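Asker: Starting off with a structure, shown below.
There are 2 protein chains.
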Amino acid sequence: MKKHRRSILSLGAVLLSSLLFAAYLTSLQVTPAEAGMADAVIYDENGNLIQPKDYVWRDWIYVGTPITPNDLNPPEAPFPEFHNVYIDPEAFKHYKKTGNFPQGTVLIKELVSVGSKQASSGKGYFQGDFIGLEAAVKDAKRFPDEPGNWVYFTFSHKAPPYPKTANRQPTAACNTACHQELAGDDWVFTQFYPVLRAAKGKGM
Amino acid sequence: MKKHRRSILSLGAVLLSSLLFAAYLTSLQVTPAEAGMADAVIYDENGNLIQPKDYVWRDWIYVGTPITPNDLNPPEAPFPEFHNVYIDPEAFKHYKKTGNFPQGTVLIKELVSVGSKQASSGKGYFQGDFIGLEAAVKDAKRFPDEPGNWVYFTFSHKAPPYPKTANRQPTAACNTACHQELAGDDWVFTQFYPVLRAAKGKGM
Chain A
5 MKKHRRSILS LGAVLLSSLL FAAYLTSLQV TPAEAGMADA VIYDENGNLI QPKDYVWRDW
65 IYVGTPITPN DLNPPEAPFP EFHNVYIDPE AFKHYKKTGN FPQGTVLIKE LVSVGSKQAS
125 SGKGYFQGDF IGLEAAVKDA KRFPDEPGNW VYFTFSHKAP PYPKTANRQP TAACNTACHQ
185 ELAGDDWVFT QFYPVLRAAK GKGM
Chain B
5 MKKHRRSILS LGAVLLSSLL FAAYLTSLQV TPAEAGMADA VIYDENGNLI QPKDYVWRDW
65 IYVGTPITPN DLNPPEAPFP EFHNVYIDPE AFKHYKKTGN FPQGTVLIKE LVSVGSKQAS
125 SGKGYFQGDF IGLEAAVKDA KRFPDEPGNW VYFTFSHKAP PYPKTANRQP TAACNTACHQ
185 ELAGDDWVFT QFYPVLRAAK GKGM
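Chains A and B supply the protein sequences, listed in that same order. Residues 5 to 208 (my numbering) make up the first sequence, in order. Residues 5 to 208 (my numbering) make up the second sequence, in order.
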């Protein structure tokens with residue numbers, strides 16, 4: 005009877021261990037948002053970039069917002085909207101640690117209209133509504149022949165819902181036309197992104 | 005001998021259980037970023053707001069950036085910088101679900117200089133460097149007598165490192181001077197924050 009009780013105790017303890025170990029392993033799993041990059045870079049069978057789902061970039065790291073409005077660039081600016089730019093969390097972590105953008109880096113650029121130009125705080129530019137979504141991806145394996153291994157995708161230049169997939173832009177449209185020569189750091193316009201400049205190589 | 009071995013086995017299993025359980029508990033602890041609001045709202049013994057640590061707002065939800073530059077508000081704008089505004093993740097979750105800002109909501113406003121006004125993309129405003137940090141907190145329990153229960157704190161109007169604590173601004177300086185009458189939703193200028201407008205009451 006005593007032996008039997010001990011065996012049950014042992015068995016119980018082992019079962020409890022297994023259960024707790026399983027729970028521990030489950031707790032280690034990363035969410036899509038935490039996975040960041042890995043989850044973001046998915047392509048369809050035609051090589052089109054699939055949209056990072058559920059507006060996941062709202063959980064990414066915001067890096068900066070340039071604005072080149074129409075009224076300062078008559079008759080019409082090439083990019084009249086606010087560009088709210090985000091980087092995936094894994095790439096940001098790597099950039100902080102090493103000062104370099106890792107393979108698989110994704111930057112999302114959400115376009116926002118100029119909503120108003122006057123408020124109680126003065127004359128200026130105030131964000132209106134979402135009117136587009138673009139992405140830049142660095143991937144030497146997938147894009148070995150692109151300058152810097154960066155490719156630029158346009159989901160939409162219209163209000164949401166954004167299309168699920170984005171075609172690659174021609175190399176000449178974004179890469180060699182601007183980013184290759186003028187971007188501050190590895191095809192990224194870090195000169196306009198204080199978050200990236202402040203973080204570069206500063207550790208985890 | 006056999007009994008002895010069984011005892012050791014039992015003891016080992018129990019120890020393993022405890023160890024794994026401890027590991028599981030540790031894994032359940034939330035990081036400051038995950039804790040969001042709860043971690044953000046800490047005050048010193050004088051009631052000054054303590055700075056959300058380690059730039060935790062980089063993991064918060066970016067909501068928008070107004071800009072009212074000097075050259076559009078001669079001779080000098082009251083707020084000549086970019087204002088990059090973030091909300092703590094818990095409050096954002098609540099706002100998405102209910103359409104209301106919960107008690108404990110924290111908004112961080114990071115001031116960024118106008119770095120340049122000309123780039124390959126045209127004339128406009130491009131973010132320079134960080135030059136200040138402010139916060140708004142909604143807390144009916146702590147601020148029962150403030151309009152809307154919102155209080156405004158200024159950490160710094162200078163470059164980082166920002167001071168660790170921030171004094172409350174007088175009610176007349178931010179609250180009744182602007183936010184109370186002119187903010188779009190509950191003392192928050194949601195009319196300039198497309199992320200909040202798009203999320204309001206849209207579910208988890």
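By construction, the Cβ of each residue, glycine as well, lies at the ideal position given by its N, Cα and C atoms. A quick note: this is a predicted structure, and the numbers were derived from the prediction, not measured.
Quick one: measure Cβ to Cβ for A/G207 and A/K101, integer angstroms, because I've assumed they're closer than 8 Å.
Answerer: Rounded, the Cβ-Cβ distance is 6 Å, consistent with contact.
Asker: Which residue or residues does DSSP assign as beta-bridge partners of B/T169?
Answerer: Looking at the DSSP assignment, B/T169 forms a beta bridge with B/I54.
Asker: With 16 as the cutoff for other CB atoms within 10 Å, does A/Q122 come out buried or exposed?
Answerer: A/Q122 should be labelled exposed.
Asker: Would A/M178 count as contacting chain B if we go by Cβ distances under 7 Å?
Answerer: First, the residue type needs correcting, since residue 178 of chain A is Cys and not Met in the sequence shown. By this cut-off, A/C178 is not an interface position.
Asker: For chain B, is any of its Cβ atoms less than 7 Å away from the one on A/G136?
Answerer: Chain B contact via Cβ: absent.
Asker: Give me the Cα-Cα distance between B/T69 and B/I46, rounded to the nearest whole angstrom.
Answerer: Each residue's alpha carbon lies about 26 Å from the other.
Asker: Can you confirm whether the stretch 109-126 of chain B touches the stretch 177-197 of chain A when touching is taken to mean that 3 or more C-beta pairs between the two stretches lie within less than 8 Å?
Answerer: Touching, yes.
Asker: Measuring only between beta-carbons, confirm whether B/Q131 sits less than 7 Å from chain A.
Answerer: Answer yes: the Cβ-Cβ gap between B/Q131 and chain A drops below 7 Å somewhere.
Asker: Short check: CB of A/P198 to CB of B/Q55, under 7 Å?
Answerer: It is not a contact, given that the beta carbons lie outside the stated cut-off.
Asker: B/V45 versus chain A: which residues are under 7 Å apart at the beta carbon?
Answerer: Under the 7 Å cutoff, chain A gives no residues; its nearest Cβ is about 21 Å from B/V45.
Asker: Quick one, which of B/V141, B/V89 and B/I71 has its alpha-carbon nearest B/R62's?
Answerer: For B/R62, the nearest C-alpha among the options comes from B/V89.
Asker: Is B/A144 helix, strand or coil by DSSP?
Answerer: In the structure shown, B/A144 sits in coil (DSSP, three-state: anything other than H, G, I, E or B).
Asker: Given a cut-off of 7 Å, decide if A/I91 and A/L111 are closer than it, judged by their beta-carbon atoms.
Answerer: Yes. Within cutoff.
Asker: Which of the residues in the stretch 71-96 of chain A, read from start to end, lie with their CB under 9 Å from any CB of chain B?
Answerer: Under the 9 Å Cβ criterion, the stretch 71-96 of chain A contributes I71, T72, P73, L76, N77, A81, P82, F83, P84, F86, H87, N88, Y90, P93 and F96.
Asker: Does A/E85 come out as helix, strand or coil in the three-state DSSP assignment?
Answerer: Correct three-state label for A/E85: coil.
Asker: Could one say the Cβ of A/V110 lies closer than 7 Å to chain B's Cβ atoms, at least one of them?
Answerer: Cβ-Cβ to chain B under 7 Å: no for A/V110.
Asker: Strictly below 9 Å CB to CB, what residues from chain B border A/G68?
Answerer: Result: T69, F86, N88, V116, F130 and Q131.
Asker: Can you list, in chain order, the residues of its chain whose CB lies under 7 Å from that of B/P3, leaving out five sequence neighbours each side?
Answerer: Any answer about residue 3 of chain B is impossible in this case: the structure gives chain B only from 5 up to 208.
Asker: Got a sec: is the Cβ-Cβ distance from A/P198 to anything in chain B below 7 Å?
Answerer: It does: the Cβ of A/P198 has a partner Cβ on chain B nearer than 7 Å.
Asker: By alpha-carbon positions, which one of B/P84, B/G152, B/D149 and B/G136 ends up nearest to B/T72?
Answerer: Taking only the C-alpha atoms, the option nearest B/T72 is B/P84.
Asker: Taking Cβ positions only, does B/K127 come closer than 7 Å to chain A?
Answerer: So yes, B/K127 belongs to the interface.
Asker: Return no unless some Cβ of chain A is closer than 7 Å to the Cβ of B/I65.
Answerer: Yes, B/I65 lies at the interface with chain A (some Cβ there is under 7 Å from its Cβ).
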